[in-house]
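Position in the sequence shown counted from 1, then plus 16, gives you my numbering. Glycine residues also receive a C-beta, built at the ideal position from the N, C-alpha and C atoms. Each remark here refers to the structure printed beneath this line.
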Amino acid sequence: MRFSGKVAVVTGAGSGIGRATAMRLAGEGAMVIGSDIDAGGLESTVEMIGEGAGFHPVISDVRSRDACHELVASAVADHGRLDVLCNIAGVARGHRVGDVDQEVWDLILRVNVEGVFWMSQAALPHLESSGGCIVNMASNAGLMGQAYTVPYCASKGAVVLMTKAMAMEAMRTGVRVNAVAPGGVETNLAASFGFPDRADMELMGRCMGFRGMAQADDIASAVAYLASDEAHRIHGAVLSIDAGLTAG
Ligand SMILES: NC(=O)c1ccc[n+]([C@@H]2O[C@H](COP(=O)([O-])OP(=O)(O)OC[C@H]3O[C@@H](n4cnc5c(N)ncnc54)[C@H](O)[C@@H]3O)[C@@H](O)[C@H]2O)c1
């Protein structure tokens with residue numbers, strides 16, 4: 017029960033890694049405010065966690081600065097404090113550079129980059145009061161070049177450096193800021209990820225690794241560790257959980 021008495025906000029809680037993280041934190045005693053744009057996904061998370069078991073769903077879009085600030089403000093107003101922010105909501109699309117249009121570029125950069133920034137901006141003053149922490153969801157795609165995913169790589173590279181830059185700015189406070197960088201994880205995002213026609217399979221093999229896909233809970237366990245007091249000396253770190261994909 018590492019999160020007993022603590023309040024956590026988890027974005028992307030309606031599916032995959034966000035849901036698994038919400039389940040873990042609630043299972044270890046946290047009051048979790050889980051946000052998503054997918055109402056049906058949030059309903060399923062409520063069913064899986066169980067009514068009244070420390071999970072409060074909120075439909076909220078991380079692309080909106082106002083919505084992010086409202087989400088954090090209402091969590092603090094309802095529960096009195098904020099200890100943990102997990103920025104997990106994200107989107108991915110596979111395109112050749114020439115096929116990326118404005119809509120795809122804006123979607124990926126706004127959800128994956130702006131969402132992390134606005135949520136963190138809203139949460140930081142409350143985390144300073146509680147001595148809390150932020151865990152961001154980066155990716156192996158933020159640490160290595162991956163074909164057919166240039167906007168996604170750009171967005172996850174930004175998550176890596178936002179994590180480090182925010183960690184520097186928070187250095188003289190008690191706040192910790194870290195990120196997790198998974199390789200492939202079996203979720204809706206991975207299942208619906210479309211690579212372009214006639215994609216070069218040899219190039220794609222470079223971002224697949226040798227040890228198969230992870231499960232969402234493999235990643236949630238690392239998020240929970242970084243969010244817990246056990247990780248009190250970890251600040252500004254990007255923890256790869258990719259079964260060696262970025263090792264060489
Ligand atoms: N699955 C993988 O292979 C993998 C690998 C590395 C990193 N990641 C990252 O993990 C995170 C979670 O992805 P996942 O694999 O669990 O995918 P997922 O699709 O299962 O879950 C992502 C959730 O984010 C939500 N979301 C999308 N746009 C949103 C918005 N504007 N506002 C609020 N919520 C929004 C979706 O509705 C969905 O419920 C993402 O940041 C993703 O980039 C995933």
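Query raised in the report: Is any heavy atom of ligand 1 found at a distance shorter than 7 angstroms from the C-beta of residue 54?
Result: Here the question's residue 54 lines up with position 38 in the sequence shown. Checking the Cβ of residue 54 against ligand 1 gives yes.
Query raised in the report: Between which two residues does the alpha helix (DSSP H) carrying residue 212 extend?
Result: Sequence index remark: in the sequence shown, residue 212 carries index 196 (1-based). First-last for residue 212: undefined, no H or E at that position.
Query raised in the report: Touching or not, the stretch 129-146 and the stretch 172-181, by the rule of three or more beta carbon pairs under 8 angstroms?
Result: yes
Query raised in the report: Short check: CB of residue 148 to CB of residue 191, under 8 angstroms?
Result: As a position in the sequence shown, residue 148 is number 132, starting the count at 1. As a position in the sequence shown, residue 191 is number 175, starting the count at 1. Closer than 8 angstroms, so yes.
Report task. May I ask whether a heavy atom of ligand 1 can be found less than 7 angstroms away from the beta carbon of residue 31? Result -> Sequence index remark: in the sequence shown, residue 31 carries index 15 (1-based). Residue 31 Cβ: within cutoff of ligand 1.
Query raised in the report: Expressed to the nearest angstrom, what Euclidean distance is found between the alpha-carbon atoms of residue 204 and residue 49?
Result: On the sequence shown, position 188 is the one that residue 204 refers to. On the sequence shown, position 33 is the one that residue 49 refers to. Spanning the two alpha carbons is a distance of roughly 21 angstroms.
Query raised in the report: Which of the three DSSP states, helix, strand or coil, is assigned to residue 187?
Result: Against the sequence shown, residue 187 aligns to sequence position 171. Residue 187 falls in the coil class under three-state DSSP.
Report task. Starting from the Cα of residue 236, find the closest Cα among 45, 23, 33 and give me that residue. Result -> The residue labelled residue 236 in the question sits at position 220 within the sequence shown. Nearest option by C-alpha distance: 33.
**Report entry** Residue environment, residue 162, which counts as buried when at least 16 other CB atoms sit within 10 Å
**Finding:** Numbered from 1 along the sequence shown, position 146 holds the residue referred to as residue 162. Buried is the call here.
Query raised in the report: Can at least three beta-carbon pairs, one atom from the stretch 41-59 and one from the stretch 19-26, be found at a separation below 8 angstroms?
Result: Segment contact: the stretch 41-59 against the stretch 19-26, three or more CB-CB distances shorter than 8 angstroms; contact assigned.
**Report entry** Per-residue DSSP class, three states only, for residue 71
**Finding:** Here residue 71 corresponds to residue number 55 of the sequence shown, with the count starting at 1. Strand.
Query raised in the report: Touch check for the stretch 101-109 and the stretch 155-175: three-plus C-beta pairs under 8 angstroms?
Result: Yes: at least three Cβ pairs fall under 8 angstroms.
Query raised in the report: Relative to the alpha-carbon of residue 195, which residue among 58, 189, 152 has its alpha-carbon at the smallest distance?
Result: As a working mapping, residue 195 is identified with position 179 in the sequence shown. In terms of Cα proximity to residue 195, the closest of 58, 189, 152 is 152.
Query raised in the report: Sorry if obvious, but does the Cβ on residue 51 come closer than 7 angstroms to a heavy atom of ligand 1?
Result: Sequence index remark: in the sequence shown, residue 51 carries index 35 (1-based). Here the distance from the Cβ of residue 51 to the nearest heavy atom of ligand 1 is below 7 angstroms.
Query raised in the report: Pick from 209, 257, 215: whose alpha carbon is nearest that of residue 231?
Result: Taking the sequence shown and counting its residues from 1, the one referred to as residue 231 is at position 215. That would be 257, whose Cα lies nearest to the Cα of residue 231.
**Report entry** Which residues DSSP lists as bridging residue 256, in chain order
**Finding:** Working through the sequence shown from its first residue, we reach residue 256 at position 240. DSSP, once it has assigned bridges, lists 197 as partnering residue 256.
**Report entry** Run of the alpha helix (DSSP H) containing residue 145, from where it starts to where it stops
**Finding:** Taking the sequence shown and counting its residues from 1, one reaches residue 145 at position 129. Taken as a continuous stretch (DSSP letters only), the alpha helix (DSSP H) holding residue 145 covers 131-146.
Query raised in the report: Count the other CB atoms within 10 Å of the CB of residue 94; is the residue buried (16 or more) or exposed (fewer)?
Result: Within the sequence shown, residue 94 is the residue found at index 78, counting from 1. It counts as exposed.
Requested in this report: Would you mind sorting residue 212 into buried or exposed? The rule is 16 or more other CB atoms within 10 Å of its CB.
Outcome: Along the sequence shown, read from residue 1 onward, the residue named residue 212 stands at position 196. Residue 212 comes out exposed.
Query - Same chain, Cβ closer than 7 angstroms to residue 112, five either side skipped, listed in chain order - result: Taking the sequence shown and counting its residues from 1, the one referred to as residue 112 is at position 96. Closer than 7 angstroms at Cβ, skipping near neighbours: 164, 212.
Query raised in the report: Do residue 101 and residue 143 have their CB atoms nearer than 8 angstroms?
Result: Translated into the one-based positions of the sequence shown, residue 101 becomes position 85. Translated into the one-based positions of the sequence shown, residue 143 becomes position 127. Judged by beta-carbon spacing, residue 143 lies within the 8 angstroms limit of residue 101, meaning their Cβ atoms are closer than that value.
Requested in this report: Under 6 angstroms Cβ to Cβ from residue 97, same chain only, skipping five residues before and after it: list those, please.
Outcome: Counting from 1 along the sequence shown, the entry for residue 97 is found at position 81. Result list for residue 97: 23, 146, in chain order.
**Report entry** Identity of the residues DSSP links to residue 51 by a beta bridge
**Finding:** Working through the sequence shown from its first residue, we reach residue 51 at position 35. Answer is 27, 74.
Query raised in the report: How about residue 194: is its Cβ closer than 7 angstroms to a heavy atom in ligand 1?
Result: Looking up residue 194 in the sequence shown gives position 178. Answer for residue 194: no, Cβ out of range of ligand 1.
Query raised in the report: Using a threshold of 7 angstroms, is the CB atom of residue 153 nearer than that to any non-hydrogen atom of ligand 1?
Result: Start at 1 with the first residue of the sequence shown, and residue 153 comes out as number 137. Flag set: Cβ of residue 153 near ligand 1.
Query raised in the report: When you compare only the Cα positions, how much space is there between residue 118 and residue 110?
Result: Here the question's residue 118 lines up with position 102 in the sequence shown. Here the question's residue 110 lines up with position 94 in the sequence shown. Taking C-alpha positions only, residue 118 is separated from residue 110 by approximately 14 angstroms.
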